[in-house]
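> So the mapping is simple: the working numbering equals the position in the sequence shown, first residue as 1, plus 32.
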Amino acid sequence: MALPVVSEPWLALPGSPTRRLDRVLEGLRGVDIVNLAAGRPGLAPPGWLLEAFHERLIKGGLAPFGYTPSGGLREAREAVARDIEETGGPSLSWREVVLTAGGQNAVAAVLHGLRGRHGRILLVEPAWFAYEPLARAMGLEPLYVESKPPDYRIPEEPLKEAVERGVDMILLPDPDNPTGRLLTEGEARLLADLAVDHDAWLVVDEPYRTLVYEGSKVYPAKLAPGNVVGLGALSKDPGVPGWRLGYAYGPEEAVRALERFVEFTVYCPPRAAQELAILYFNDERKWEFRRILREEYRRRRDALLGALERLLPRARVPRAPAGMFLYADLTGYLGGERGVTERLAEHALARHAVLVLPGEAFGPSQAGRLRLTFTYEPPERLVEGARRLAEAIQDFKG
Ligand SMILES: Cc1ncc(COP(=O)(O)O)c(C=O)c1O
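#1: In three-state DSSP terms, what is W160?
#2: Which same chain residues end up closer than 7 Å to L172 when comparing Cβ atoms and leaving out the 5 residues on each side of it in sequence?
#3: Would you say the beta carbon of W275 comes nearer than 7 Å to a heavy atom of ligand 1?
#4: Identify every residue that forms a DSSP beta bridge with D361.
#5: Whole alpha helix (DSSP H) runs in the segment 126 to 193 with 4 or more residues, listed along the chain?
#6: Which residues share a DSSP beta bridge with I202?
#7: When you compare only the Cα positions, how much space is there between P187 and W160?
#8: For ligand 1, is there any heavy atom lying closer than 7 Å to the beta carbon of P239?
#9: Does DSSP put V415 in a helix, a strand or coil?
#10: Excluding the five sequence neighbours on either side, which residues of its own chain have a C-beta within less than 8 Å of the C-beta of K180, listed in chain order?
#11: For Y312, which residues in the same chain have their Cβ closer than 7 Å to its Cβ, ignoring the five residues on either side in sequence?
#12: Measure how close the beta-carbons of P49 and A360 come, nearest whole angstrom, since I'm counting them as under 8 Å.
#13: DSSP on L376, reduced to helix/strand/coil?
#14: Taking 8 Å as the CB-CB limit, is V415 close to chain D?
#15: How far does the alpha helix (DSSP H) with L263 in it reach, from first residue to last?
#16: Given 7 Å as the limit, tell me if V294 has its C-beta closer than that to any heavy atom belonging to ligand 1.
#17: At a threshold of 7 Å, does V139 count as lining ligand 1 (C-beta to nearest heavy atom)?
#18: Round the Cβ separation of L358 and F293 to the nearest angstrom and send it over; I've been treating them as touching at under 8 Å.
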């Protein structure tokens, strides 16, 4: 008797690289490891928010435990809309916002709900590692344009050529994961114009939108409101990744399609996190919390960058103006042969107890590069992590 069929595309998906590392870490319990790989916040949400949340649960009767409408509570959608506008984004009605079960669920919703006649999407390499597997599993073909060191700017001509081949959407994070790049006004305009000229979506994935240390975030949705969908999450700010709340905003019709996706996959976004979103986004104290968060993360970024510059002078590491990561080009030490950074990462963990994420996770051309998280560990541990990494590179045999 044959086995019943297992869906091939899903079975064939490589696991998420951060999940693979979680499994390695599980086997190393008790070992003092400096974790530069996890894309996690390093500060807990503020006490006032947790107290308000507690009170809302205690005094709310049955309501805070119930289902919500498929796209989320109107009050929560209004709160997200308000925050987007207050931080420099477009002015939105609650009907132009849909809540999802985490940021990754919002990515799945757009890939599924905004696919068009071409069946192709355009990604910028290095590209966040969830995009390609998810697109492929949904039967979409990813095309790539490559952004290059030292500053990983969006390459104009290759971008135009790729969009002219016909794509349903351009999908990229801003601020970027892994490079920390923040789109310039010119890049945002170029992307938005291309989307308009070719009847494509521009999907800007913005979970790091409030973690900007220098410069300011441009919201492409203000430039081409009919063609841009923005995505976000509460995972990085206020920092509740396990509570799984994300969102998408854009034209009402697109939002209605995404709402259906949420309805038939999770029924409604997590209620508890919606309650938290209402309390956080509507409270003036969020500004003070964000100021503290940014100050601390900037300090951590500078500590890690300073240590890398001192210990690995041939590394090329842009000073990420936003986000959670430094993206280190180590080809000056390692070369760029495929697989070399994966082997280095294994060696660094096994022999030097430092966990890093290999560039290969962000595309085949990314060998020789590493993504290093600066938000999770405190400054002195970041410096220690850089020291361990430098030692690992020194005695790495290839
Ligand atoms: C670019 C990007 N998009 C989406 C997400 C997903 O966020 P969430 O943890 O809310 O699923 C992440 C998280 O690391 C991310 O880096």
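Glycine included, C-beta positions come from ideal geometry on N, C-alpha and C.
Taking the structure as given:
#1: Residue state, collapsed to three classes: coil.
#2: Closer than 7 Å at the Cβ level, and outside the excluded window around L172, lie L143, R147, G151, R152, I153.
#3: no
#4: DSSP, once it has assigned bridges, lists R348, R401 as partnering D361.
#5: Listed in chain order, they are 135 to 145, 163 to 169.
#6: L154, L234
#7: 17 Å
#8: yes
#9: Three-state DSSP puts V415 in a helix.
#10: P187
#11: L81, P270, K318
#12: P49 to A360, Cβ: 16 Å. No contact.
#13: helix
#14: Here there is only one protein chain, and chain D is not present.
#15: Here L263 belongs to no alpha helix (DSSP H); instead the beta strand (DSSP E) covers 260 to 265.
#16: no
#17: yes
#18: That belief does not hold up - the Cβ atoms of L358 and F293 are roughly 34 Å apart, past 8 Å.
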